[in-house]
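There are 2 protein chains.
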Amino acid sequence: MRSSEFGIPLDAVFGALADPTRRTMIRRLADSGPGTATELARDLPISRQAVVKHLQALDAAGLVQAERVGREVRFAATLDTLDDASAWMADVGAAWDRRLSRLRRRTR
Amino acid sequence: MRSSEFGIPLDAVFGALADPTRRTMIRRLADSGPGTATELARDLPISRQAVVKHLQALDAAGLVQAERVGREVRFAATLDTLDDASAWMADVGAAWDRRLSRLRRRTR
DNA sequence: GGATCACGCAACCATTTGGTTGCACCTGCG
DNA sequence: CGCAGGTGCAACCAAATGGTTGCGTGATCC
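So the sequence lines, in the order shown, correspond to chains A and B. If you read the first sequence in my numbering, its first letter stands for residue 1, the second for the next number, and so on. If you read the second sequence in my numbering, its first letter stands for residue 109, the second for the next number, and so on.
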């Protein structure tokens, strides 16, 4: 099981997901479709600039993708990256389960 | 479809997973079995105290469980919590996919 | 009983993070 | 053209993070 070749972005992905505001944003983008920083900021208790910074974090993690449309910049969720994170978790979980069954077989 | 009732710990879980040292630790615990802070510190380039702090973070996230054995404290991985995180990601992914297929049906 | 080993607590430090405000720069529209 | 709306810096700030060191306490082993 070609485990363990997880790239560098895990830091960024988990880091991005660690913030509730950021989670809210990507959720919003995921089910209401792409939007601009200014739009996002309208629904949130923080300034547009704060939103921009969060979007940068999400972008760095590959969780969001920017596209310029005239004078505005629309951000869309790109959730392929979540797979890497899922894979990592599954991998650790597998190791643990493997160890447990090994033990179970041995003891009592 | 019991979606959306994700507890508070998502912050803690993703936050804990965001740090490479912490990921290394839980991986180590997952496939080499439980260990103490002092042991962990031997394999890592940081002090025991730093390891302790990381373990606190992992514990707060419910990713690790402490058990006192005589004069030492052994930490074991408890990965049920990962499921919550997985579920969250799956949920967002689902929303996104739903939206995509809705669009695909509509445009061209 | 005494030396030792692992742990717990606290102070302290540098850097990162999440947020703000102010202002300059484009781009589209009437 | 002129102006309004959206973006893009940059400076600045408080709090959280990841790390250190020093020292006190408690269990174990001979």
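A virtual CB, placed ideally from N, CA and C, is assigned to each residue, including glycine.
In the three-state DSSP reduction, T24 (chain A) falls in the helix class (H, G or I). In the three-state DSSP reduction, R105 (chain A) falls in the helix class (H, G or I). By the C-beta criterion, the stretch 33-41 of chain A is judged not to be in contact with the stretch 133-145 of chain B, since fewer than 3 inter-stretch pairs fall below 8 Å. DSSP places A185 (chain B) inside the beta strand (DSSP E), whose first and last residues are E180 to A185. Per the C-alpha coordinates, the member of B:L148, B:R210, B:I134 and B:P153 positioned closest to A169 (chain B) is B:I134. Bridge pairing for R156 (chain B): absent [DSSP]. No Cβ-Cβ contact shorter than 8 Å links L148 (chain B) with R130 (chain B). For A124 (chain B), the enclosing alpha helix (DSSP H) stretches over residues L118 to L125.
For A66 (chain A), DSSP records a beta bridge to A:F75.
Taking 8 Å as the upper bound for CB-CB distance, D188 (chain B) and P117 (chain B) are not in contact here, some 11 Å apart. Contact annotation for D139 (chain B) against chain A: A95 and R99 [CB-CB distance below 7 Å, chain order]. In this model, V69 (chain A) and S209 (chain B) are separated by some 23 Å (Cα to Cα).
Straight-line measurement puts the Cα of Q157 (chain B) at about 26 Å from the Cα of D19 (chain A). With respect to the 8 Å criterion, L166 (chain B) and V159 (chain B) are not classified as neighbours on the basis of their beta carbons.
In the DSSP assignment, A149 (chain B) falls within the unbroken alpha helix (DSSP H) covering A145 to D151.
Note on geometry: alpha-carbon atoms of D43 (chain A) and V200 (chain B) lie some 19 Å from one another.
When secondary structure is reduced to three states using DSSP, A57 (chain A) falls in the helix class. A distance of 8 Å or more separates the beta carbons of L17 (chain A) and F183 (chain B). For G201 (chain B), the secondary structure class from DSSP, reduced to helix, strand or coil, is helix.
For M133 (chain B), not one C-beta of chain A is nearer than 8 Å to its own C-beta.
By the neighbour-count criterion, in which 16 or more other beta carbons inside 10 Å mark a residue as buried, L82 (chain A) falls on the buried side. Nearest in C-alpha terms to V73 (chain A), of all of A:Q56, A:W96 and A:D11, is A:Q56.
Think of a sphere of 7 Å around the beta carbon of G123 (chain B): the chain A residues whose beta carbon falls inside it are A18, in chain order.
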